[in-house]
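Trainee: The structure that follows is given in the form of structure tokens.
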DNA sequence: TTCATAGTTCGACCATAGCCGAAGCATTCG
DNA sequence: CGAATGCTTCGGCTATGGTCGAACTATGAA
């Protein structure tokens with residue numbers, strides 16, 4: 023006896039029905055707010071808040087505050103893997119998910135966030151760059167790899183000039199419709215600007231929507247493919 | 023809400039410290055008795071018995087009665103996989119294990135159980151045959167594959183003759199020192215008898231120990247290799 | 001500034017379930 | 001046939017922890 027007690031500790035965290043609902047709701051990698059998770063779990067907000075603290079303390083969740091919201095995400099792929107394995111054992115399906123997002127279809131596809139690209143296309147670009155080794159994700163923040171610098175230069179962007187300013191080159195921003203990261207920072211701004219210049223995209227003057235041209239459609243997909 | 027509650031149910035089972043101790047003690051695939059598991063978990067036998075029922079009801083454990091003992095084993099590799107994944111997350115080590123087995127070293131290596139081979143060598147033979155597709159394991163019981171029939175015939179055993187008798191051709195028997203299965207049944211008996219005839223082994227007349235000859239040592243390893 | 005929304009903390013309540021010892025079966029051994 | 005061992009069931013105790021509403025803090029909007 024006196025063994026490592028931690029497997030039981032973690033399993034006990036997952037073992038509460040409310041917490042299990044929270045975790046399964048986050049299984050697809052999105053980030054949800056405390057209120058949404060409370061509803062998902064079927065408990066009061068105060069109760070959910072307690073659960074979310076425990077899950078975060080145990081490093082199963084990764085919380086971030088954005089404005090007056092607090093978004094929660096699974097801490098990493100390993101956590102998702104454990105949940106996956108448990109689901110395999112449980113062999114049950116039918117978790118209902120919250121479908122959340124903006125009403126306007128076009129805004130959901132692509133829009134401007136401050137001055138960089140957001141929406142499905144923004145997330146796609148981020149994930150593509152990450153998956154192909156152009157970006158390095160380190161906890162909260164993100165950076166360009168050497169390979170990424172080459173790619174960006176080839177794209178027609180002068181990195182040295184960007185780094186001159188006070189703004190951070192790369193930053194992550196949580197996409198509020200996709201609930202995933204996309205790229206912000208001066209590089210994010212430069213990429214959108216460059217795509218406008220190449221006539222890949224056109225900004226709708228009356229909204230934040232970004233329209234993708236037919237030439238841009240093809241070019242974007244080949245520049246930022248996702249598996 | 024109203025989601026599949028089962029991931030929480032299973033996780034809650036693993037989440038109790040006593041049950042987690044029981045499960046980790048079984049992680050290496052051995053089978054242990056209720057009493058041993060009670061000690062391992064650090065609880066009274068009555069308490070452990072309740073835990074073991076719950077784990078068995080949820081199909082995490084596979085119980086078998088043998089004589090007046092009741093042996094418990096992890097239900098399958100998937101269960102072990104989930105525990106493994108949880109341990110990876112918990113990143114803790116140091117579970118102490120019960121070291122159990124007969125005192126006599128030679129008996130532990132190889133001995134006769136009824137009329138078939140038991141001990142390390144018996145388990146090795148069983149696992150080798152299973153791993154190489156000669157044996158088919160189906161729940162409680164076991165059977166020869168077509169490939170296995172060829173192998174056994176080549177070994178000099180007349181299968182048709184064995185099948186004539188009332189006894190079952192293949193049966194599993196739980197090895198009390200290794201706590202794993204080995205092969206019993208008329209085939210198990212025939213294999214031991216054949217190995218005696220080939221002078222691979224010699225039975226100690228004063229005990230149940232089986233002595234392996236030097237020629238047998240080599241031959242056995244090449245006939246029943248394990249990775 | 002004032003109001004509304006999002007989240008946290010606190011206090012009180014209460015049910016679940018883990019725990020043990022004692023008694024009851026079942027199986028083997030002498 | 002007892003006697004001993006291994007396990008299960010039962011009853012009663014206790015504590016852990018999940019739950020909510022209400023009060024409080026922080027951020028953003030009007």
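Chains as they are written, first to last, in our numbering: chain A, 23 to 249; chain B, 23 to 249. Each residue gets a CB set at the ideal place from its N, CA and C atoms; glycine is no exception.
Rounded to a whole number of angstroms, what is the C-alpha to C-alpha distance between residue 100 of chain B and residue 131 of chain A?
Mentor: Going by the C-alpha atoms only, they are around 40 Å apart.
Trainee: Tell me whether residue 69 of chain B sits in a helix, a strand or coil according to DSSP, three-state version.
Mentor: Three-state DSSP puts residue 69 of chain B in a helix.
Trainee: Identify the continuous alpha helix (DSSP H) that holds residue 38 of chain A and give its terminal residues.
Mentor: Run containing residue 38 of chain A: none; DSSP gives neither H nor E here.
Trainee: Quick one: residues in its chain with C-beta nearer than 6 Å to the C-beta of residue 190 of chain B, no 5 flanking neighbours on either side, listed in chain order?
Mentor: Cβ neighbours of residue 190 of chain B beyond the five flanking positions: 207.
Trainee: Over what stretch of residues does the beta strand (DSSP E) that includes residue 59 of chain A continue unbroken?
Mentor: It is not in any beta strand (DSSP E) - residue 59 of chain A instead sits in the alpha helix (DSSP H) that spans 56-63.
Trainee: To the nearest angstrom, how far is the alpha carbon of residue 39 of chain A from that of residue 142 of chain B?
Mentor: Cα-Cα distance, rounded: 44 Å.
Trainee: Which chain A residues are close to residue 72 of chain B, counting only those with a beta carbon under 7 Å from its beta carbon?
Mentor: Per Cβ cutoff of 7 Å: no residues; residue 72 of chain B is ~16 Å from chain A at best.
Trainee: Taking the alpha-carbon positions, what's the residue 140 of chain A to residue 133 of chain A distance?
Mentor: Each residue's alpha carbon lies about 5 Å from the other.
Trainee: Is there contact here, the stretch 213-223 of chain A with the stretch 168-188 of chain A, by at least three beta-carbon pairs under 8 Å?
Mentor: Yes: the two stretches touch, three or more of their Cβ pairs being nearer than 8 Å.
Trainee: Excluding the 5 residues flanking residue 151 of chain B on each side, which residues of the same chain have their C-beta closer than 6 Å to its C-beta?
Mentor: Hits under 6 Å: 157.
Trainee: Does residue 94 of chain B come out as helix, strand or coil in the three-state DSSP assignment?
Mentor: It is a strand residue.
Trainee: Quick check on residue 179 of chain B: does DSSP put it in helix, strand or coil?
Mentor: Residue 179 of chain B falls in the coil class under three-state DSSP.
Trainee: Which of helix, strand or coil does DSSP assign to residue 117 of chain A?
Mentor: In this predicted model, residue 117 of chain A has a pLDDT of only 31, less than 50, meaning its place in the structure is not dependable; the value taken from the coordinates is given anyway. Residue state, collapsed to three classes: coil.
Trainee: On a Cα-Cα basis, can you pick out the residue from A:41, A:80, A:75, A:170 that is closest to residue 64 of chain A?
Mentor: Ranking the options by Cα distance to residue 64 of chain A, first place goes to A:41.
Trainee: Can you tell me the Cβ-Cβ gap for residue 62 of chain A and residue 47 of chain A, rounded? I've got them flagged as a contact below 8 Å.
Mentor: About 4 Å; that satisfies the 8 Å criterion.
Trainee: Given a threshold of 16 other Cβ atoms within 10 Å of its Cβ, counted over all protein chains shown, does residue 180 of chain A qualify as buried or as exposed?
Mentor: Residue 180 of chain A should be labelled exposed.
Trainee: Are the beta-carbon atoms belonging to residue 169 of chain A and residue 153 of chain A less than 8 Å from one another?
Mentor: Cβ atoms of residue 169 of chain A and residue 153 of chain A: not closer than 8 Å.
Trainee: Using beta carbons (cut-off 8 Å, strictly below), is residue 226 of chain A in contact with chain B?
Mentor: With 8 Å as the cut-off, residue 226 of chain A does not count as an interface residue toward chain B.
Trainee: Give the interface partners of residue 101 of chain A over in chain B, defined as CB-CB distance under 9 Å, in chain order.
Mentor: Correct list: 111.
Trainee: Mind checking the stretch 46-62 of chain A against chain B and listing, in chain order, the residues whose C-beta falls within less than 9 Å of any C-beta there?
Mentor: Of all residues in the stretch 46-62 of chain A, 46, 47, 61, 62 have a Cβ within less than 9 Å of some Cβ in chain B.
Trainee: Just to confirm, is the Cβ distance from residue 30 of chain A to residue 37 of chain B under 8 Å?
Mentor: Yes.
Trainee: For residue 33 of chain B, return the contacting residues in chain A, with the cut-off set at a CB-CB distance below 7 Å.
Mentor: Correct list: 33, 36, 37, 42, 108.
Trainee: Measure the beta-carbon distance from residue 105 of chain A to residue 147 of chain A and round it to whole angstroms, keeping in mind my assumption that it falls under 8 Å.
Mentor: The pair is not a contact, with the Cβ atoms about 28 Å apart (cut-off 8 Å).
Trainee: Which residues in chain B sit within 7 Å of residue 79 of chain A, going by Cβ to Cβ distance?
Mentor: Ordered by position in chain B, no residue passes the 7 Å Cβ test against residue 79 of chain A, which lies about 14 Å from the chain.
Trainee: List the endpoints of the continuous beta strand (DSSP E) containing residue 164 of chain A.
Mentor: It spans 163-166 - the beta strand (DSSP E) in which residue 164 of chain A sits, taken as one unbroken run.
Trainee: Assign residue 219 of chain A to buried or exposed, taking buried as 16 or more other Cβ atoms, counted over all protein chains shown, within 10 Å of its Cβ.
Mentor: By the 10 Å Cβ count, residue 219 of chain A comes out exposed.
Trainee: Would you mind stating whether residue 35 of chain B and residue 67 of chain B have Cβ atoms separated by less than 8 Å?
Mentor: No; because the gap between Cβ atoms is not below 8 Å, this pair is not in contact.
Trainee: Count the other C-beta atoms from every protein chain shown that fall within 10 angstroms of the C-beta of residue 95 of chain B, then say buried if there are 16 or more, exposed otherwise.
Mentor: By the neighbour-count rule (16 or more Cβ atoms within 10 Å), residue 95 of chain B is buried.
Trainee: Does DSSP put residue 257 of chain A in a helix, in a strand, or in coil?
Mentor: Lying outside 23 to 249, the shown extent of chain A, residue 257 of chain A is not represented and no answer is given.
Trainee: Taking the DSSP output, what are the residues bridged to residue 195 of chain B?
Mentor: BP columns for residue 195 of chain B point to B:204.
Trainee: Just reading off the beta strand (DSSP E) that residue 224 of chain B is part of, what are its end residues?
Mentor: Element bounds for residue 224 of chain B: 223-225.
Trainee: Helix, strand or coil for residue 86 of chain B per DSSP?
Mentor: In this structure, residue 86 of chain B counts as strand in the three-state DSSP scheme.
Trainee: Considering only their Cβ atoms, is the gap separating residue 221 of chain A from residue 237 of chain A smaller than 8 Å?
Mentor: In contact: residue 237 of chain A and residue 221 of chain A (Cβ atoms closer than 8 Å).
Trainee: For the putative contact between residue 93 of chain B and residue 60 of chain B, defined by C-beta atoms under 8 Å, what is the C-beta separation to the nearest angstrom?
Mentor: Going by Cβ atoms, the distance from residue 93 of chain B to residue 60 of chain B rounds to 13 Å, so no, they are not a contact pair.
Trainee: Could you check where the alpha helix (DSSP H) with residue 220 of chain B kicks off and where it finishes?
Mentor: No alpha helix (DSSP H) holds residue 220 of chain B; DSSP gives it neither H nor E.
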